[in-house]
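One structure is given below, encoded as structure tokens.
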Amino acid sequence: MVRGIQDRIFNGIIIVLLALCGAAALFPMLYVVSVSITPISEVLKNGGFMLIPKEITFTAYSKLIHESGMMDALGITILITVLGTALNMLFTVLMAYPLSRKRLPARSALLLMVVFTMLFGGGLIPTYLVVKSSGLLNSIWALIIPNLIWSFNILIVKSFLEQLPEELFESAKIDGASDFRILWQIVVPLSLPVMVTVGLFYGVGHWNEFFQAIMYVTNRKLFPLQVIVREILMQTQQPLENAENITPTETLQMAAVVMASLPIILVYPFLQKHFTRGMLLGSVKG
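Okay, here's the thing in structure tokens:
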């Protein structure tokens, strides 16, 4: 009985702590959404702090959609996210699969090269010169090809593939299957959890693409979403006294943050199960 009471107290403390952590995570999100849909006069009445708006307006979202170039940037971001993630996954699997086979010649040397790139980089200027010499500047490919393969993701996929029973590969070989057929018809279907996990890593990375865009792209029509959001966030703050007649900068900033974050927030719950399984399965062996 004593142990049961102690367990209940412990569980109650854990629930309270988790509830507090959840509230701490939801609080800034609620604040951002509230300010983005609240008239500036209402925000001013509450001293700039607003959680539950009494009045709702979508003026800031309308202005972002029609005047800021946000929708063009959203299209660019969706394009590089879908196309980039597909290419990322293709080349990651094509490299991780042979590295997971112990019979691969020079396997240790190749793994050393992969790990080496995680510890040492070529440098900003040499990388820029390579991208420029490749003719990728001011193109969509400048936002995709320089980060086509992430070494960390290769190691995650490789570790997962090493756990697959060797008998599967031997049986397929006996039946006359080639390495490519084994990869696409056996390995990939069995590796769905880790594939979704790594794909989510790549997808979020492309969705948040910023640094490469400001480094390699000067054409505003090719700016991804995060660059436009940065421009909005870096706008000079308008005096609050004069904000009644125009859409205030703070409201635009909050609306831009919501528009940039909402797609990822909506997609993640559907991938959470695969994400968790992939992280656990891919980290059993190093």
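Per the numbering used here, residue 26 is the first one in the sequence shown, and the count goes up by one each step. We put the CB at the ideal spot given by N, CA and C, even for glycine.
Collapsing the DSSP output to three states places Q278 in a helix. D32 carries a helical assignment under DSSP once its states are collapsed to helix, strand and coil. In the structure shown, N233 adopts coil according to DSSP, grouped into three states. Close CB contacts of A280 within its chain, under the 7 angstroms cut and outside five residues either way in sequence, are with S61, A85, Y86, L89 (chain order). Contact between the region 138–153 and the region 93–104 is absent, with fewer than three C-beta pairs closer than 8 angstroms. Collapsing the DSSP output to three states places M259 in coil. Residue burial is scored here from C-beta neighbours: A238 has at least 16 other C-beta atoms within 10 angstroms and is therefore classed as buried.
Close CB contacts of K79 within its chain, under the 7 angstroms cut and outside five residues either way in sequence, are with E67 (chain order). In the DSSP assignment, D97 falls within the unbroken alpha helix (DSSP H) covering 95–125. Short of 7 angstroms from the beta carbon of L277, and not among the five residues preceding or following it, lie these beta carbons of its own chain, in chain order: A85, K88, L89, I257. Taking the Cβ atoms as the reference, N163 lies roughly 6 angstroms from T243, within the contact range of under 8 angstroms. A contact is defined here as three or more CB-CB pairs under 8 angstroms, and the region 218–238 fails this definition with respect to the region 188–200.
Taking C-beta separations shorter than 6 angstroms and ignoring five residues to either side along the sequence, the partners of I81 in its chain run I62, following chain order. Distance from the CA of V182 to the CA of M143, rounded to the nearest whole angstrom, comes to 16 angstroms.
Looking at V252, M259, E275, the one whose alpha-carbon comes closest to that of I101 is V252.
With 16 or more other Cβ atoms from the protein chains shown falling within 10 Å of its own Cβ, N113 counts as buried.
Contact between the region 110–128 and the region 179–194 is present: 3 or more CB-CB pairs across the two stretches fall below 8 angstroms. Residue range 84–92 is occupied by the alpha helix (DSSP H) that includes A85. In terms of CA proximity to F141, W175 leads the group L168, V118, W175, L291. In this structure, T117 is the residue among S158, T117, G109 with its C-alpha nearest to the C-alpha of V139. For A48, the closest alpha carbon among the candidates L76, D32, R33 is that of L76.
For the options R206, G160, N178, I34, the alpha carbon positioned closest to that of L136 is the one of N178. In this structure, the CA atom of P214 is about 21 angstroms from the CA atom of L108. In its chain, beyond the 5 residues on either side, I211 have a beta carbon closer than 7 angstroms to the beta carbon of L193. If you draw a straight line from the Cα of C46 to the Cα of V282, it comes to about 22 angstroms.
The C-alpha of T110 lies about 29 angstroms from the C-alpha of V57.
In the structure shown, E187 falls within a helical segment according to DSSP collapsed to helix, strand and coil.
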